[in-house]
Every structure is written in C-alpha cells, then in structure tokens.
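Numbering-wise (the UniProt record's numbering), the sequence shown opens with residue 1 and increments by one.
Before any comments, here is the structure.
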Amino acid sequence: MYAPPVDLSFNEISSLTDALSKVPRRGRRPLKPNSQGKYLSRSLRLSNNSIADVSNLQCVLSHFLVQPTSIGWLDLSFNKITSINIVLSELQELRVLYLHGNKISNLADVDILGQLMNLHTITLHGNPIAYMEDYRNRVIFTLPHLKRMDFSAVTPQDHIWANDLSCRLKRRSST
C-alpha cells in the first residue's frame, strides 16, 4: 500500500531545488518517512507555486520518494511553466498529470508526452494552448490512451474527431 501524496503545494517554491528544503504539508493521513527520510508514495503535489522550469524534477522525486520511477500522479498546476519539458517523458509509470493554470503556449509540446503509455488523465486548460484551434482534438490524437482531459471524459466520438483532424492535416501538408 502506498502513502498519501507528498504535498509541497502552496510553498512559494520558485525553483525545484527550493523544494528540497521544504517539509511536505500534513494531510488527513499523515506521511511517515522511512529511515532515509523518503516516503512510500506514488504522488507528488507541487501546485500553486512559482515553478517555471521542471528540468530538475528527477532530483526532487529521488529526494522525496522511495521509488521515484514509480510516480503515477504529478500535480504541477498553477505554476509558471512555459513548456513541457522532456523530463516528463521519462516518467513511464505516470498515469495522471495536472498542468492546468500554467503558461504553456506551444501545442506541439504535448508530443513530448506521447510515449507515456500509462497516461490516462491530463489537464492543460488555463494555458494559452487551450485557446488554440483544434486544441482538444490534437491533444487526444497525440495521447490516444487518455480517458480524461481537462476534468471531462474522453469519449469514442472525441477519438473519431481527433483522427479526422489528423487526416485533414496530413492532406493539407501533402498538397
């Protein structure tokens, strides 16, 4: 059994190295560190901070989690992230990724997450990309294993529309 999330939200963290000196927030179920000060959790909350760069994420995961490669849920919402870093593609067990309320402006950045076969839930609303044409269809086409996007279900019809968009884009580029 895994522990509750390691919660570093609302900590005024501006860089991930700042997180290393923080103590996780207490929740309903208290976290108990092992003898090395690490937690048997598969979830990390870093929401509502001022993080712009996540390139040191592996260091933070290794610092707080007993099994950093087994992280399944990551909350980076409401930060200042401007792009999806390649380091996220290394989290092969990731199932849930919250990135809403950031500053991600390049829809092609979502392609980086395409190799995360276990990713079934993502949030990207509240980013500049959410206002781009065909935003939902492009994300669903890029991440075909999604079951939920922006807190709503991904339906079979969504997959049809995403595939249709892909066909239209291929036809345009070949002419």
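Beta carbons are placed, not taken as given, at the ideal position from N, Cα and C, and that holds for glycine.
Item                                                                                                                                                              : Value
Please state whether the Cβ-Cβ distance between Leu-88 and Ile-71 is less than 8 Å.                                                                               : no
Pair every Cβ in the region 136 to 144 with every Cβ in the region 75 to 95, then say whether three or more of these pairs are closer than 8 Å.                   : no
Which ranges does the alpha helix (DSSP H) cover as unbroken runs of at least 4 residues, wholly within the region 30 to 114, from first to last along the chain? : 57 to 64
So, Val-96 versus Thr-69, is the Cβ gap smaller than 8 Å?                                                                                                         : no
Closest to Tyr-98 by CA distance: which of Phe-78, Ala-162, Leu-116 is it?                                                                                        : Phe-78
Between the C-alpha atoms of Pro-24 and His-145, what's the straight-line distance to the nearest angstrom?                                                       : 31 Å
Skipping 5 residues on each side, what residues in its chain have a beta carbon closer than 8 Å to that of Val-154?                                               : Ile-140, Leu-146, Lys-147, Arg-148
What does DSSP give as the partner residue(s) for Met-149 in the beta ladder?                                                                                     : Ile-122, Ser-152
Could you pull out every residue in the same chain whose Cβ sits closer than 6 Å to the Cβ of Gly-126, ignoring the five residues on either side in sequence?     : His-100, Gly-101
With 16 other CB atoms within 10 Å as the buried threshold, where does Pro-5 fall?                                                                                : buried
Where does Asp-18 fall in DSSP's three states?                                                                                                                    : helix
Would you kindly check if the distance between the Cβ of Leu-31 and the Cβ of Val-60 is under 8 Å?                                                                : no
Tell me which residues share the same chain as Leu-94 and place their Cβ nearer than 7 Å to its Cβ, disregarding the 5 neighbours each side in the sequence.      : Ile-71, Gly-72, Leu-74, Leu-116, Asn-118, Leu-119
To the nearest angstrom, how far is the alpha carbon of Leu-8 from that of Leu-46?                                                                                : 5 Å
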